[in-house]
């Protein structure tokens, strides 16, 4: 009997985006307790430099782990890309999983022609973590990264569908997915930002039905499940899992925007305001 | 002879938006030296709670004033709305000017029918500072506030013109400026965020040519000029004024986005990276 199984899985994100990972985890592992921290006081991480991101992420991770956790999921692409190795070293032997590797693996497996496009924040794309991870797994792949900065605030405003969301997707993606181009057309679009699953329908309308969209939130949840099973850390199925939410600023906004990402109504009482 | 005249005017903003105020100051006061700090490591302030904004603003202001300054301009609507009285008290006798009062005065003067709309970030609108300031000056005015959160990242991406910018303006403003409405139509639109002057053409296209758009950056510069003259703090016209820029994170991004706001090319060497 391993006492660790009773501890929650901790999730960290700069804001509410990581709630798409939490939602996927709930579906995949309904008996696990989940502890979520959104560092909303300092978001967005996506436009910040790598040293700043590492500093903020370490601070948040130590706080979460201090509450007791059997695993840390960095449910933020920017933080994973910038800080995962540092976190794994600092928190060892605690298992620390990011969202980049699972997403990259799924995209490499999904593509037939090896032409893959990754969309993410400016920091994630310019850091090149997804591009490198895919090429490590599938060396002949042609990977293009595209920063889609405005999708994040767009999703947080609830503008996930309709002409504005699709207009912005055209603005970012038309030169890559234009069928008139002579270059081989990508067949796989990897959502390298936890906000982007909310825009999936608009994106599919713009890139066309033949393009496979890979959601790194769902693939990360599958990877967490696999890892817990391998290490005998799965919680017994004696009761439904619980979720506890923490935010570093503006609880009302976390409740409002978080409800969009979670697909269910959050309440003020569900969310704890913490200071890092 | 007052030695203070030789000191620079310090400007503070959460990011690059305040550069529209700096640009207006340069036009209005070409012999003044200007010292600008953009707290890009912690932007945006617009979605944060008031206590957090006050804490960040005080930290930045003390750093700027520590370098020597004859006046502090809070070139950020969110920080002005949340923190101006605290700053004025903490830094007395240094004159501290914000952007809210000058913008409110200009809007109150510009409107014929007293129907005024203020657009700004979520924090500025929900704080009500503009609405209150206008009604103090013109008690019979009907003031409506509207949070236009997405205009900020839109302007920073350089999407100031064209169908996306106008589409978003329609999304935010059509229910207020719709000519089919029976309610009295507003004749004045106050840009209560330093980012919004970049969108002025798109906004004018959407609200129509008969609506007067008041830019709080330009009205703040006029107010600074007036105040320096009153207090005998104007710099002698012996040489052109200089500008020095500081940012708390990601110098490359400050250079790129700042150039958009300033309307001239910034270089890496012009911008100093500082830690607060």
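Chains as they are written, first to last, in our numbering: chain E, 138 to 413; chain X, 138 to 413.
Using N, Cα and C, we set each Cβ at its ideal position, and we do this for glycine too.
Neighbouring residues, chain E, relative to residue i (Cβ below 7 Å)
i, result
"residue 178 of chain X", "185 and 189"
"residue 300 of chain X", "304"
Contacts around residue i, its chain only, beta-carbon distance under 6 Å, and the 5 residues preceding and following it disregarded
i, result
"residue 187 of chain E", "219"
"residue 180 of chain X", "151 and 152"
"residue 372 of chain X", "142, 168 and 169"
"residue 352 of chain X", "328 and 334"
"residue 257 of chain X", "214, 329 and 330"
"residue 293 of chain E", "394"
"residue 176 of chain X", "151, 197 and 385"
"residue 354 of chain E", "157, 158, 161, 331 and 334"
Interface partners of residue i on chain X, CB under 7 Å
i, result
"residue 387 of chain E", "184, 185 and 186"
"residue 308 of chain E", "301"
Neighbour flag for residue i against chain E, beta carbons, 9 Å
i, result
"residue 408 of chain X", "no"
"residue 125 of chain X", "Any answer about residue 125 of chain X is impossible in this case: the structure gives chain X only from 138 up to 413."
"residue 305 of chain X", "yes"
"residue 259 of chain X", "yes"
"residue 181 of chain X", "yes"
"residue 144 of chain X", "no"
"residue 138 of chain X", "For residue 138 of chain X, the predicted structure reports a pLDDT of 45, less than 50, and the residue's modelled location is therefore unreliable. The matter cannot be settled from this model."
Under 9 Å by beta carbon: chain X residues contacting residue i
i, result
"residue 286 of chain E", "290, 293 and 294"
Under 8 Å by beta carbon: chain X residues contacting residue i
i, result
"residue 154 of chain E", "By Cβ distance, chain X contributes nothing, its closest Cβ being about 14 Å from residue 154 of chain E, past 8 Å."
Buried/exposed call for residue i, threshold 16 Cβ in 10 Å
i, result
"residue 329 of chain X", "buried"
"residue 367 of chain E", "exposed"
"residue 320 of chain X", "exposed"
"residue 315 of chain E", "exposed"
"residue 395 of chain E", "buried"
"residue 205 of chain E", "exposed"
"residue 281 of chain E", "exposed"
"residue 126 of chain X", "The displayed coordinates of chain X run from 138 to 413. Any statement about residue 126 of chain X would go beyond what the structure contains."
"residue 230 of chain X", "exposed"
"residue 196 of chain E", "exposed"
"residue 409 of chain X", "exposed"
"residue 387 of chain X", "buried"
"residue 404 of chain E", "exposed"
"residue 273 of chain X", "exposed"
"residue 311 of chain X", "exposed"
"residue 401 of chain E", "exposed"
"residue 140 of chain X", "exposed"
"residue 413 of chain E", "exposed"
"residue 199 of chain E", "exposed"
"residue 375 of chain E", "exposed"
Own chain partners of residue i with C-beta closer than 7 Å, once the 5 adjacent residues on each side are dropped
i, result
"residue 138 of chain X", "Residue placement at residue 138 of chain X cannot be trusted, given a pLDDT of 45 that sits under 50; what the coordinates show is reported in the next sentence. Excluding positions up to five away in sequence, the list is empty."
"residue 377 of chain X", "167 and 168"
"residue 226 of chain E", "none"
"residue 244 of chain E", "253, 271, 325, 327 and 351"
"residue 407 of chain X", "382"
Interface residues of chain E facing residue i [CB-CB closer than 8 Å]
i, result
"residue 174 of chain X", "Correct list: empty, because the minimum Cβ distance to chain E is about 16 Å."
Close-in-space but distant-in-sequence residues of the same chain around residue i (CB under 8 Å, 5 per side omitted)
i, result
"residue 217 of chain E", "211, 235, 236, 237 and 266"
"residue 361 of chain X", "146, 162, 165, 166, 208, 210 and 234"
"residue 291 of chain E", "297, 301, 302, 305 and 336"
"residue 190 of chain X", "182, 215, 216, 219, 220 and 260"
9 Å Cβ cutoff, residue i in contact with chain X
i, result
"residue 390 of chain E", "yes"
"residue 222 of chain E", "no"
"residue 363 of chain E", "no"
"residue 413 of chain E", "no"
Contact test: residue i Cβ vs the ligand PLP heavy atom, cutoff 8 Å
i, result
"residue 306 of chain E", "Of ligands this structure carries none, so the ligand PLP is not represented either."
Test: residue i CB closer than 9 Å to a CB of chain C
i, result
"residue 218 of chain X", "The structure shown contains no chain C; the protein chains it does contain are E and X."
Contained beta strand (DSSP E) runs [length at least 3] in the stretch 357-387 of chain E, N- to C-terminal order: 380-384
As an exercise, report each continuous alpha helix (DSSP H) stretch of at least 4 residues that is fully enclosed by the stretch 324-357 of chain E, in chain order. 337-344
Restricting to runs no shorter than 3 residues, where is the beta strand (DSSP E) found entirely within the stretch 228-306 of chain E? 252-257 and 279-284
Within the stretch 176-212 of chain X, ranges of the alpha helix (DSSP H) (whole runs, at least 4 residues): 187-203
4 or more residues per run - each alpha helix (DSSP H) lying fully within the stretch 138-167 of chain X: 156-165
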